[in-house]
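So the number in the numbering used here is just where the residue sits in the sequence shown, counting from 1, plus 30. Where is the CB? At the ideal position from N, CA and C, for every residue including glycine. Treat the numbers as computed from the prediction; the structure is a model and nothing was measured. Take a look at the structure set out below.
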Amino acid sequence: FRGLCRGGGFLVLAAALVLTPQAFGFSGVAMAVRFSFALAALWWLVFTLPLLRWVPRVTSTEVVGAVQAARQGLRQFRRTLQHVASYRQVWMFLIAYWLYIDGVNTVIQMAVDYGKAIGLSTSTMILAVLLVQFIGMPAALVFGRLGERIGPRSGILAGLVVYIGVSVYATQIHSAWQFYVMAAAVGLVQGGVQLLSRALYARLVPKERSGEFFGFYNMLGEFAAILGPLLIGLTSYLTRDPRLSILSVIVLFVLGGVLLLRVGAPTGPVPGQVG
31 FRGLCRGGGF
41 LVLAAALVLT
51 PQAFGFSGVA
61 MAVRFSFALA
71 ALWWLVFTLP
81 LLRWVPRVTS
91 TEVVGAVQAA
101 RQGLRQFRRT
111 LQHVASYRQV
121 WMFLIAYWLY
131 IDGVNTVIQM
141 AVDYGKAIGL
151 STSTMILAVL
161 LVQFIGMPAA
171 LVFGRLGERI
181 GPRSGILAGL
191 VVYIGVSVYA
201 TQIHSAWQFY
211 VMAAAVGLVQ
221 GGVQLLSRAL
231 YARLVPKERS
241 GEFFGFYNML
251 GEFAAILGPL
261 LIGLTSYLTR
271 DPRLSILSVI
281 VLFVLGGVLL
291 LRVGAPTGPV
301 PGQVG
């Protein structure tokens, strides 16, 4: 949580630089943006130094070539697939997760493009991004508590219902304040859906293979921004209406939710929840 607060503070500073460049002595937005990138690079450098200085480097005595390493990686990937396939609840959850998290990522990534398409200003969209981040930090903690009360699966389904509502509401946006309302709603559930997804997955996977299974989970998440943009692009091409195209993302939430209902709902505390 402290890390999120620090990162959020930096985001506020970067947004202030871009929104009010003259207040910081810059001649225009372009110069402020360049300075923001340089500041981000400095931020990464400063907070990487403790890692380089005090965290010991783990090295392997075995030296393998690139071809052999690739073969070993493919063999391990094939074994992981076989292990995942042997657990019905796990692979069913992973398919559901891939569908609905693709919708979540699409809403996050396409929001700015959608705002531009309906004529909103850059400053409006920057403020909306800030709103998502700062509502999302405490909301994720609240969602964790909610997951303990009603279970992570029910919490995820509740979040998907909100995302469906957000997609429908987005078609009616005509002003900045309506865009802010949408951003606030996304902020309420974005972190919570991600947190509870990991919590539910942690309950489903075998403990002795949790590292292997979570590696597959993380890899799947990296590919979860494909179907949503494809659906939006295709719908926009066919209808020539960006407002209607955003509705296509609902398909991912519905399909993911239906599959998630077929996944068992194990009980117990939410892993990683702050006490």
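If you compare the alpha carbons of Ala70, Arg64, Gln52 and Thr136 with that of leucine 41, the shortest gap goes to Ala70. Only residues of its own chain outside the window of five on either side were considered, and among them Leu282, Leu285 and Gly286 have a CB closer than 6 Å to the CB of leucine 129, listed in chain order. When the alpha-carbon of serine 240 is set against those of His113, Pro51 and Ile276, the nearest one is in His113. In the three-state reduction of the DSSP assignment, glutamine 52 falls in the helix class.
Secondary structure of leucine 161 (DSSP, three-state): helix. Secondary structure remark: continuous alpha helix (DSSP H) runs of at least 4 residues inside the segment 125–211, in chain order: 152–180 and 182–200. In this structure, the alpha-carbon of glycine 174 lies about 38 Å from that of alanine 100. Contact annotation: leucine 289 and isoleucine 125 have beta-carbon atoms nearer than 8 Å.
Counting only the Cα atoms, phenylalanine 243 lies some 7 Å from valine 235. Taken through DSSP and simplified to helix, strand or coil, isoleucine 256 comes out as coil. Distances from the CA of isoleucine 280 to each of Val76, Gly258 and Leu176 were compared; the closest alpha carbon is that of Gly258.
Taking C-beta separations shorter than 7 Å and ignoring five residues to either side along the sequence, the partners of phenylalanine 209 in its chain run Gly145, Leu150, Thr154, Ala158 and Ile203, following chain order.
Judged by DSSP secondary structure, arginine 101 falls within the alpha helix (DSSP H) whose first and last residues are 96–115. Considering only Arg87, Ala147 and Phe253, the residue with the shortest C-alpha distance to leucine 274 is Ala147. Taking a cut-off of 8 Å for Cβ pairs, the segment 209–221 and the segment 159–174 touch, as three or more such pairs fall below it. The residue from Thr110, Leu79 and Trp121 with its alpha-carbon nearest to that of glutamate 238 is Thr110. Selection Thr269, Ala215, Ala255 and Gly263 evaluated against isoleucine 165 yields Ala215 as nearest (Cα-Cα). Linking leucine 277 to methionine 61 through their CA atoms gives a straight-line distance of about 37 Å.
Within the same chain, Cβ atoms closer than 6 Å to the Cβ of valine 142 are found at Met155, the five residues on either side in sequence being excluded.
If you check the CB distance, leucine 160 and alanine 45 come in under 8 Å.
Non-local C-beta neighbours of arginine 183 in its own chain, meaning closer than 7 Å and more than five positions away in sequence, comprise Leu230, Leu290, Val293 and Ala295, ordered along the chain.
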